[in-house]
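Quick notes on the structure that follows.
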Amino acid sequence: MSESAAGISVSKPQNIWKRQVKVNLRSLFSTLGKAALNGAFLQWDDLAENGVEVLDALGLSRTPGELAGLLISQSLMKAMKGLLKSNADLLPQEVEKLSLKELYRQITDFLEEPELILDQDFFEHPERLPIVAPVQAAFLRWLTTNNLISNSQEAQSLSNRLPAYFVLALHEQWKDKRDEYSLLLDEIDTPFNNAWKRERGWLHYRAWLQKQIDEPIFWETFSLKQIYVPLRGFYEEEEIKATPDTDYHREPSFKRIVIKLQEQLETWLEAAKSDDAIRLLTSGPGSGKSSFCKVFAAQQAGLEKQVLYIPLHRLSFSTDLVTAVKTFVQHDGFLPENPLEPSDQDLKLLIIFDGLDELSMQGKLAQEVAQNFINEVRDQVKSFNNNKTRLQVLISGRDVVVQSNKNNFKKPQQIITILPYLVDKSDDFSDVDNLLKVDQRDQWWQQYGQAKGKNYAQLPPELSGENLQEITAQPLLNYLIALTFERGEVQFSQETNLNNIYENLLKAVYERGYEKNSRGHRAIEGIKKEDFVLILMEIALSCWHGNGRTTTVREIEEHCENNGLKNLLKNFQDSFQSDSQGSITRLLTAFYFRESGDLRGSEKTFEFTHKSFGEYLTARRIVDRVKQIHKKLQDSENDYDNDYDPRKALIAWATLCGPTAIDEYLFRFIVNQMQLQSPDEVKQWQKTLGHLIKYLLLKGMPMEDLKNCPNFQEEMRQARNAEEALLAVFNACGRVTEEIFPIQWPSPEAFGNWLARLQGQRIDFEPMFVLNCLSFLDLQNCLLIHRDLYRANLERANLERANLYGAYLYMAYLERANLYGANLYMANLEWANLEWANLARANLKGANLEWANLKRANLYEANLYGAYLAGAYLEGANLERANLYGANLYGANLERANLKGANLEGANLERANLEGAFLRGANFKDANVKGTILDTEVKTE
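Residues in the sequence shown are numbered consecutively from 1071, following this note's numbering.
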């Protein structure tokens, strides 16, 4: 290196040292080893946490070379300690008690080069320093020869993560002890000015991003980086395709273009178009959105790009994005300034906002907050990119919340949907590169096997059944399956309930505290399994009542006290020789939780490692509450001194389900949990919940007896949430029993009034959750005139003689529903599924049934006068004696339909298919049969 250098450039530092700085790390560790023999430096913190006085203790001078050597060795020791801490439960003793004499010796032996000359890589790419690989090898040898980790492959996986840990430790040591390294700073050919501070901040932050994907997954020794499989996705491209009018299914007006997710986004970044600077990434829960965002952020950081990764549940957003990002950056402490208020106007920034659905969990407010956030992002991007492209934004979110904002993003390729590891119906996609022919599950299992020391060449045959395909194709669930599979306690040959897997995982976490030769989780020792699960459920409830994912120790304590679990929590706390918050913290971090790094007030918050864990535990808590309510009401019937009644039951229910609305993701776990119960027991619960619904419609939800409702408006909001939850769980029971419990509605309009209040005003055409909870419901004789039932699930519902005059049932699901004698005059049933539905003697005069599925439906003596049935699917339908006068059946499929005695006078049957139809006694007078497929001629005069 030359004696003088040009100084440091903000965009890319060059040789920043005034003169050569030589480091003899081998000599330093040899000296440490000798000191250890004399009883010094036997603790991890003796070296990593102390300052430059360490050099004095070792008899070394404070020269630049020795200082640099100390900085590197301290960072290495801190990194190794961090790795061991991350997998402490695998070690035979606490990290602090592990002997360092042998580690010093191993490092000395592996470091062959006597000297290391520092160059610009010292700051930019410290992982490239030639000492990293030898120290990594020494660390691995130390782990295995001392039997600290018995599985050699797990030890390898652990040591492989050292470079990322070292880089971050080096940046943190430099930042925290900058004054102590003042002599070393003097060797840098630049003042420590603002530009240098900014660059150091980005270097530090990029190192942190790269370490995130090298953090251990749950209790494993390996990281996300070691088992990550590059994901695929698709975007929709509009196309115009003409199809025969006789086709029942219309071709979609778009095609799905399959892409490699990372390559697609890198191309978008490279293009850097100012008017196309936003991408939305969407898919369902557990599909790998957050994992991809972390990996992509780390990869871009590795390319020295300025990328900011923001989990949205940690963003305090109200209306101003710039202020929200500033607060986030200040809290993280890496960057000295807000990237959205840069002093460097040439800064080119990528922001990754992860978790659009987690901005707000307050029922219907979630959509509104997400919409406001999207609008603010669009405005800021437009402002930033006024002259040139300086800001690009990637936003991830669950499919429902992204779809509700779809209309704001109409440019090609703006919305990308992540695809699972296996796509069964690849014909639905345009896949010119044949990406979907690869079953990525095999690749994942190969990498998982390598990380675990298991010989998995592909997905195990036991897990390859069709019944598990949907689960193993999703990244998170596939991993949970792997954990469960290795335990060998779940039979995968039968239909597997997802909640079974989560239950088995809970059991594994609990039992891990008692594993042979393992210290286990100190937090779990001494706690019965039932109590352990109960506390976890209460924590989940605390999160659900908050923002959906995070909670604080104080909030947990309040929940336990409010729900009668104060003594249980106290017993748990008393089992520790520490403060109550410390004991809860250890439980939280046992498996399901991690410290989020955020603050709520002055308290630290904890978050679920994956949102679905909280949803599963919350669902269990809700089902448990149903069981408790049923038992208490039953006991009160048999004990006159027991005054538990429906009112008290509803108070308990509102306390549980009032603060936050149930969504479809939580509902799935509730249904799964119901399916694990005894069918007879669920039948009794269904009856109890039905009685509670009748009670609340007569007397209302007793919100006045609830605590902590500040005003009437909040009472109304929580009442709506609780009532919707009651209907949802009642429906979950019906789905399990497949029976209809007869509810005696107080009046014909009672259900319609209730539904209107639960629905509120529609703001878009996305499915409403409450309308998915109407299957197996007794709605006979109910008044539902002009009711909004768009895409409602009314499977097997009893709508006998219900009044649905003018109802909006577009795309409604009415399979096997009983609509006998129902009034559907002028109702919109376009694209509705009425397969096997009973519409005998129903009034469908003037109804719109275009493209409706009426396969095998019973329309005996139904009135279809002037109905619009163009393209309707009526194969095998019973239309005996039905009145189809003037009906439009253009292109309808009536194959093998029974039209005996039907009145088709003046009907339009052009291009309809009546092949195999039974037409005896049917009246075709003045009917249009042009191009109609008929087995026999019919008289139209």
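Here a beta-carbon is modelled for each residue, glycine too, at the ideal position from N, C-alpha and C.
With contacts defined by Cβ atoms closer than 7 angstroms, L1959 and L1979 form a contacting pair. Bounds of any beta strand (DSSP E) do not take in K2009, whose DSSP letter is neither H nor E. When secondary structure is reduced to three states using DSSP, F1180 falls in the helix class. Under the DSSP assignment, S1222 falls in the alpha helix (DSSP H) whose first and last residues are S1222 to S1229. Counting only the Cα atoms, Q1484 lies some 21 angstroms from E1438. In summary, P1490 is buried, with 16 or more beta-carbon neighbours lying within 10 Å of its beta-carbon over all protein chains present. Across the set F1739, W1906 and S1353, the C-alpha of S1353 shows the shortest separation from the C-alpha of L1331. For R1990, the three-state secondary structure derived from DSSP is coil.
Ranked by how close their Cα comes to the Cα of T1459, the residues L1429, D1416, K1476 and D1497 have D1416 in first place. Remark: C-beta atoms of E1920 and G1941 approach each other more closely than 7 angstroms. Counting C-beta pairs with one atom in each stretch, the segment 1518-1534 and the segment 1552-1572 have three or more that are closer than 8 angstroms, which means they touch.
Here the segment 1393-1411 makes no contact with the segment 1514-1528; the two share fewer than three CB pairs at distances below 8 angstroms. Contact holds between the segment 1144-1159 and the segment 1239-1251, because three or more Cβ pairs, one in each stretch, are under 8 angstroms apart.
Here T1215 is actually not in contact with S1222; their C-beta atoms are around 11 angstroms apart, not less than 8 angstroms.
Taking the Cα positions, Q1539 is about 14 angstroms away from L1550. If you look at I1486, you'll find it in the beta strand (DSSP E) that goes I1485 to I1488. Contact between the segment 1832-1848 and the segment 1770-1779 is absent: fewer than three C-beta pairs spanning the two stretches fall below 8 angstroms. The residues K1325, R1326, I1327 and V1328, in chain order, have a CB closer than 7 angstroms to that of S1500 in the same chain once the five nearest residues on each side in sequence are set aside. Pairing F1739 with M1150, the inter-Cα distance amounts to about 40 angstroms.
In summary, S1817 is exposed, with fewer than 16 beta-carbon neighbours lying within 10 Å of its beta-carbon over all protein chains present. For P1134, there is no enclosing beta strand (DSSP E); the enclosing alpha helix (DSSP H) has its first and last residue at P1134 to S1156. Within the same chain, Cβ atoms closer than 7 angstroms to the Cβ of D1848 are found at I1810, F1811, P1812, I1813 and N1868, the five residues on either side in sequence being excluded.
For Q1332, the uninterrupted alpha helix (DSSP H) segment begins and ends at L1331 to A1341. Remark: C-beta atoms of P1381 and D1424 approach each other more closely than 7 angstroms.
Secondary structure within the segment 1371-1404: the alpha helix (DSSP H) runs of 4 or more consecutive residues, fully enclosed, are 1391-1402 (chain order).
Between the C-alpha atoms of L1294 and L1301 there is a straight-line separation of about 13 angstroms. Boundaries cannot be given for I1813, as no beta strand (DSSP E) includes it and DSSP labels it neither H nor E.
As computed with DSSP, L1853 is found in a beta bridge with N1873. When the Cα atoms are used, A1922 and Y1943 turn out to be separated by approximately 6 angstroms. Excluding residues up to 5 positions away in sequence, L1146 and I1177 lie with their Cβ nearer than 6 angstroms to the Cβ of V1205 in the same chain.
Proximity to K1481 across A1877, D1346 and S1100 peaks at D1346, based on C-alpha coordinates.
Membership of I1609 in the alpha helix (DSSP H) is indicated by the continuous run K1599 to H1615. DSSP, reduced to helix, strand and coil, places T1620 within a strand of the structure shown. Collapsing the DSSP output to three states places V1696 in a helix. Cβ contact annotation for R1990 (same chain, cutoff 7 angstroms, sequence separation greater than five): K1970, in chain order.
The three-state secondary structure of P1196, taken from DSSP, is helix.
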